[in-house]
């Protein structure tokens, strides 16, 4: 058990809809990362937050947004969903900005129909 | 930009066989290199890492050496077990730590008894 909790585990929704994925980091971790895992693109870094502030941005679409709340949990919002957004979305956390390893949650599987 | 290339799987071995999973990278500067493992239905876990040239990372019988001259970080294990069946990801970070990890596409390993 990595200590990172992601909800829900599975999500099925229709094109054009909006969903919110939730992540609770490991106790004491200040950094939260979001990754998208799809068969064709592999694991893609989306965005990182550190102590409530956006720290780094990767290949995140404009239809997607995220935030980290004062209690350090994070939410990833996906809107105007397309079939191609179907993927596994992973959240990871780490202690800080140093060389500490990432701890991954078990992911949220999103299916867009 | 930075990228990681892993040997394509799947790889199927018998128990106690020798394992090599090749990984090469393209990066500016001196990235940190990582191997992560993903067991079925779980998130990724850090297996080992190396932060500078000629460093050897090791864990659970797995080893990988950071080779700057060949830009490689091949994963090896002398005698695999059925419990090693998983997907293995090579990754790099040019931020010095775990920020903005760039992953390879993963190599699925199946070990048969």
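Residue numbers (our numbering), protein chains in the order written: chain A, 1 to 113; chain B, 1001 to 1113.
Beta carbons are placed, not taken as given, at the ideal position from N, Cα and C, and that holds for glycine.
What residues from the stretch 53-85 of chain A come within 8 Å of chain B, judged by C-beta to C-beta, listed N to C? Result list: 55, 56, 58.
If you measure between the beta carbons of residue 49(A) and residue 38(A), is that distance less than 9 Å? Going by C-beta atoms, residue 49(A) is not nearer than 9 Å to residue 38(A).
With a threshold of 9 Å between beta carbons, is residue 19(A) in contact with chain B? Chain B contact via Cβ: absent.
Any C-beta of chain B under 9 Å from that of residue 8(A): No - not a single Cβ of chain B is within 9 Å of the one on residue 8(A).
Collapsed DSSP secondary structure at residue 1082(B) in the structure displayed: Helix at residue 1082(B).
Closer than 7 Å by beta-carbon distance: list the chain B residues that pair up with residue 105(A), in chain order. What residue 105(A) touches in chain B: 1043.
Should residue 33(A) be flagged as near chain B, meaning a C-beta pair shorter than 9 Å? It does; some Cβ of chain B falls within 9 Å.
Helix, strand or coil for residue 76(A) per DSSP? For residue 76(A), the secondary structure class from DSSP, reduced to helix, strand or coil, is strand.
For a cutoff of 9 Å on Cβ pairs, would you count residue 1060(B) as touching chain A? No - not a single Cβ of chain A is within 9 Å of the one on residue 1060(B).
State the Cα-Cα distance for the pair residue 1078(B) and residue 1063(B), rounded to the nearest angstrom. If you take the alpha carbons of residue 1078(B) and residue 1063(B), they lie about 9 Å apart.
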